[in-house]
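So for the sequence shown, our numbering puts the first residue at 3; every next one is plus one.
The C-beta atom is built at its ideal place from N, Cα and C for all residues, glycine as well.
Data first, discussion second: the structure below is written as structure tokens.
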Amino acid sequence: MCGLPFSGKTTLSKYLAKLLHAIRIDLDEVKVKLLGNIEDEKVLQEQWDRVYEDMYTHIKKNLSQGKSVIQDAGNFTRYERGLVRTIADKMNLQTVVIYVDVPLAVALERRMQNEQTKSRFHVQEETVLASAKEIEPPIVGETSIIYHGEPLETWVKQFIN
Numbered sequence: 003m004c005g006l007p008f009s010g011k012t013t014l015s016k017y018l019a020k021l022l023h024a025i026r027i028d029l030d031e032v033k034v035k036l037l038g039n040i041e042d043e044k045v046l047q048e049q050w051d052r053v054y055e056d057m058y059t060h061i062k063k064n065l066s067q068g069k070s071v072i073q074d075a076g077n078f079t080r081y082e083r084g085l086v087r088t089i090a091d092k093m094n095l096q097t098v099v100i101y102v103d104v105p106l107a108v109a110l111e112r113r114m115q116n117e118q119t120k121s122r123f124h125v126q127e128e129t130v131l132a133s134a135k136e137i138e139p140p141i142v143g144e145t146s147i148i149y150h151g152e153p154l155e156t157w158v159k160q161f162i163n
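This is the structure we're talking about:
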């Protein structure tokens, strides 16, 4: 997965994991497991390193057992996506980046809705804005599929066989 906070990555990854009988590994869930319910902005770099190391360990373990894995994380940069691709390449496995491409305004509106509903953890507006500046959409050479927020069933029929 690749996309802004509140772009719909988690909704899509849960749907695909169920449909494809894949293991879903969510960076946010790993963070909560290791650090508790702490805001991203308060996590120290060495703590993030531990969270990412744990996530990559789970990815390696599941792939080595022959399971399909969906990584639910922002993967804003090509470098981040390349880390997962390197893991898969060492096992002669293919990766596909699903770029959840929604306008920044939509992500910010969903963040505001979350402030009311508290359906997921708090994310500061500045974090979403910083992510928008950092994100590097997939390029030629990165096997990718783009999801623009259309109904999941329609999108799946088009791209997933």
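Handout entry: Val79 versus Pro139: straight-line alpha-carbon distance, rounded
Key = The question names Val, yet the displayed sequence has Thr at residue 79. Spanning the two alpha carbons is a distance of roughly 8 Å.
Problem - Assigned secondary structure, Gln126 (DSSP; H/G/I helix, E/B strand, else coil) - result: Reduced to three states, the DSSP call for Gln126 is coil.
Exercise for the section: Tell me, to the nearest whole angstrom, how far the beta carbon of Arg26 is from that of Asp74; I am working on the premise that it is less than 8 Å. Expected result: For a cut-off of 8 Å, the C-beta gap from Arg26 to Asp74 is around 6 Å, short enough to register as a contact.
Handout entry: Gln73, DSSP secondary structure in three states
Key = In the three-state DSSP reduction, Gln73 falls in the strand class (E or B).
Exercise for the section: Confirm, please, whether the CB-CB distance from Pro7 to Val125 is below 7 Å. Expected result: yes
Practice task
Apply the 10 Å Cβ neighbour rule to Val168 and answer buried if 16 or more other Cβ atoms are within range, or exposed otherwise.
Solution key: Within the shown structure, residues of the chain are numbered from 3 to 163, placing residue 168 beyond reach of any answer.
Handout entry: Backbone CA spacing between Glu152 and Lys159 [nearest angstrom]
Key = In this structure, the alpha-carbon of Glu152 lies about 12 Å from that of Lys159.
Handout entry: Residue nearest to His60 in terms of C-alpha spacing, selected from Glu31, Gly84, Glu128, Gln49
Key = Among Glu31, Gly84, Glu128, Gln49, the Cα nearest to that of His60 is on Glu31.
Exercise for the section: Report yes if the CB atom of His9 is closer than 7 Å to the CB atom of Val104, and no otherwise. Expected result: A small fix is needed here, since residue 9 is Ser in this sequence, not His. In this structure, Ser9 sits near Val104, with a CB-CB distance shorter than 7 Å.
Problem - Three-way DSSP call (helix, strand, coil) for Asp91 in this model - result: helix
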